[in-house]
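The working numbering numbers the first residue of the sequence shown as 29 and each following residue consecutively.
Idealized CB from N, CA, C, for every residue including glycine.
Quick caveat, the model's predicted, so the values are computed rather than measured.
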Amino acid sequence: MGYWGYFVVGRAERPLAELEALAGAGDMTLRRSAPGGWQVWEFPGGDGDVGNMNDLAGQTGAPALFGYVMDSDCVVLEAAAPDSGAWTTCLARTAMAGYLGAERDGLTLEDYFLEPRDAAERAVAWAAEAGCAASAGELAEVLSDDPGAGAGAGPVAENLFFRFLDRLGVVPL
């Protein structure tokens with residue numbers, strides 16, 4: 029059985045876990061920190077309320093991102109920034125489609141999540157608002173990486189998530 033849980037990414041002078049926007053996630057632990065005040069916190073499990081990324085972005089005045097890892101197979105990415113707004117996509121699309129079912133109520137994966145190219149464009153704007161330079165092509169490559177689509181074991185979803193953060197320019201590998 030793989031990992032289930034959230035990664036919370038934001039920038040602040042004090043620990044993100046102390047902020048009101050994340051008050052429901054009392055069991056968070058700092059996973060990584062990076063220059064510029066960037067922090068990655070982990071909230072294991074899928075139960076409970078991790079908080080709201082829009083509130084976190086508003087409270088810190090900086091972009092925020094949540095990654096919900098599902099059994100190390102795929103990741104729901106939710107991002108928000110004070111000026112460029114919110115967007116949602118996923119990593120490991122084939123596995124995510126399996127979790128959603130082939131089609132549920134006539135909806136497809138694309139009804140829930142931005143496609144890689146569109147998500148990469150939104151991610152570039154998110155990164156720019158964060159003061160980072162990101163390449164839409166490199167982000168689209170990570171967003172399109174689909175280890176569940178071929179034979180053999182691919183990288184776990186957590187690795188894709190941290191590769192995505194690296195390409196955003198906020199938390200280097």
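Worksheet item: Rounded to a whole number of angstroms, what is the C-alpha to C-alpha distance between Q87 and V78?
Response: The alpha-carbon atoms of Q87 and V78 are separated by roughly 15 Å.
Item to complete: Counting only the same chain and skipping the five closest in sequence on each side, list residues whose C-beta sits under 6 Å from that of G180.
Response: At G180 the pLDDT is 42, less than 50, meaning the model places this residue with poor confidence and gives no usable figure here.
Worksheet item: Are Y34 and F71 touching if we call contact CB-CB under 8 Å?
Response: Yes, the pair counts as a contact, with Cβ atoms nearer than the cut-off.
Practice prompt. Kindly list the residues whose CB is nearer than 7 Å to the CB of D173, restricted to its own chain and excluding five residues on each side of it in sequence; keep chain order.
Written response: Only L188 meet the Cβ criterion.
Worksheet item: From what residue to what residue does the alpha helix (DSSP H) around R42 run?
Response: For R42, no alpha helix (DSSP H) encloses it, and the DSSP letter there is neither H nor E.
Discussion item. Could you check whether L84 and L47 sit closer than 8 Å to each other, using their CB atoms as the reference points?
Written reply: With contacts defined by Cβ atoms closer than 8 Å, L47 and L84 form a contacting pair.
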